[in-house]
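Take a look at the structure below.
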Amino acid sequence: MCSATTVESSTKGGKILISDDSGRLTAFSWTFSTDSGTGRTVNIGKSDMGLTSPASSLTPLSPNHLFCASACGDSMLLHLDIPSPGPPSSPTAPSSSPRRRLKGKGREDVSSPSSIIVSEPSIGSTEVLERWVNLAPVKDFCAVGDQSGGTVSHRIHEGQFMLKRQSHLVLASGSSNANSLRVVRSGAGLERVAAIEGLEGVEHVWSLDLGEG
Numbered sequence: 023m024c025s026a027t028t029v030e031s032s033t034k035g036g037k038i039l040i041s042d043d044s045g046r047l048t049a050f051s052w053t054f055s056t057d058s059g060t061g062r063t064v065n066i067g068k069s070d071m072g073l074t075s076p077a078s079s080l081t082p083l084s085p086n087h088l089f090c091a092s093a094c095g096d097s098m099l100l101h102l103d104i105p106s107p108g109p110p111s112s113p114t115a116p117s118s119s120p121r122r123r124l125k126g127k128g129r130e131d132v133s134s135p136s137s138i139i140v141s142e143p144s145i146g147s148t149e150v151l152e153r154w155v156n157l158a159p160v161k162d163f164c165a166v167g168d169q170s171g172g173t174v175s176h177r178i179h180e181g182q183f184m185l186k187r188q189s190h191l192v193l194a195s196g197s198s199n200a201n202s203l204r205v206v207r208s209g210a211g212l213e214r215v216a217a218i219e220g221l222e223g224v225e226h227v228w229s230l231d232l233g234e235g
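Put into structure tokens, the structure is as follows:
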């Protein structure tokens, strides 16, 4: 499990959502009912809600809207349709604990259900209403241009039409089911900090901590 939240909770039942490291979103729902013959019954259901980005946190905005924040994929605003528990997949399981009466009230303590019903798994629906692009974590990147050495753009400088050659970045981003290749064409600047002569074929660069003193 990566993240979880309670979507709905009341005296009639509730719903929770769980997201794992693979971005799989699962809903668990339950309802309470009372019958004079069988006593209090809890009906429990499980729903597969599909795949999202691996969630760092889940924030319910309403019973049907959820904000999924992700540190390794795109954050999303989702619209959810979580099914209620359906027909049982197993027979009613009577509770082994006896029902108690509240002192001075003359009525039964129904905090423990007399039977539990587990419904057949179902499939819910998830719709992405809004998506916020997240490039992190960037595992690797390279600058790419066309065969002539860069992509061609234009700008007007002092009334003259000028051509300018540019490169764009291809990033290896994300993790788990959010792995992707992203192309950044604007908003990324490359600046030469230093040039060391005599070094060729450099593949990796790392820092060294010389310590104090």
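Numbering (my numbering), first residue to last: 23 to 235. Heads up, the beta-carbon is just placed ideally off N, CA and C, and yes, glycines get one too.
Helix, strand or coil at residue i [DSSP, three-state]
i: residue 78; result: coil
i: residue 73; result: strand
i: residue 198; result: helix
i: residue 42; result: coil
i: residue 207; result: coil
i: residue 233; result: coil
i: residue 108; result: coil
i: residue 146; result: coil
i: residue 26; result: strand
Terminal residues of the beta strand (DSSP E) in which residue i lies
i: residue 226; result: Segment: none, residue 226 is in no beta strand (DSSP E) and carries neither H nor E.
i: residue 139; result: 137-140
i: residue 215; result: Taken as a continuous stretch (DSSP letters only), residue 215 belongs to no beta strand (DSSP E), as it is neither H nor E.
i: residue 221; result: Taken as a continuous stretch (DSSP letters only), residue 221 belongs to no beta strand (DSSP E), as it is neither H nor E.
i: residue 164; result: 160-166
i: residue 33; result: Counting along the chain, residue 33 falls outside any beta strand (DSSP E), and DSSP gives it neither H nor E.
Bridge partners - residue i, DSSP secondary structure assignment
i: residue 61; result: 57
i: residue 91; result: 79
i: residue 153; result: 98
Same chain, Cβ closer than 6 Å to residue i, five either side skipped, listed in chain order
i: residue 81; result: 89
i: residue 91; result: 78, 79 and 97
i: residue 28; result: 38
i: residue 24; result: 41, 42, 43, 76 and 77
i: residue 103; result: 146 and 147
i: residue 202; result: 195 and 196
Beta-carbon spacing of residue i, residue j below 9 Å
i: residue 139; j: residue 38; result: no
i: residue 199; j: residue 31; result: no
i: residue 97; j: residue 46; result: no
i: residue 143; j: residue 70; result: yes
i: residue 223; j: residue 146; result: no
i: residue 204; j: residue 192; result: yes
i: residue 61; j: residue 137; result: yes
i: residue 83; j: residue 150; result: no
i: residue 195; j: residue 160; result: yes
i: residue 156; j: residue 55; result: no
i: residue 94; j: residue 158; result: yes
i: residue 40; j: residue 48; result: yes
i: residue 85; j: residue 51; result: no
Residue i Cβ short of 8 Å to the ligand NAP heavy atom set
i: residue 49; result: Of ligands this structure carries none, so the ligand NAP is not represented either.
Cβ-based neighbour list, residue i, same chain, cut-off 7 Å, excluding 5 preceding and 5 following
i: residue 220; result: none
Short CB-CB distance (under 9 Å) between residue i and chain D
i: residue 84; result: The chain labelled as chain D is not found in the depicted structure, where only one protein chain is given.
Cutoff 8 Å; reference residue i; Cβ partners in own chain excluding five residues on either side
i: residue 34; result: 53 and 54
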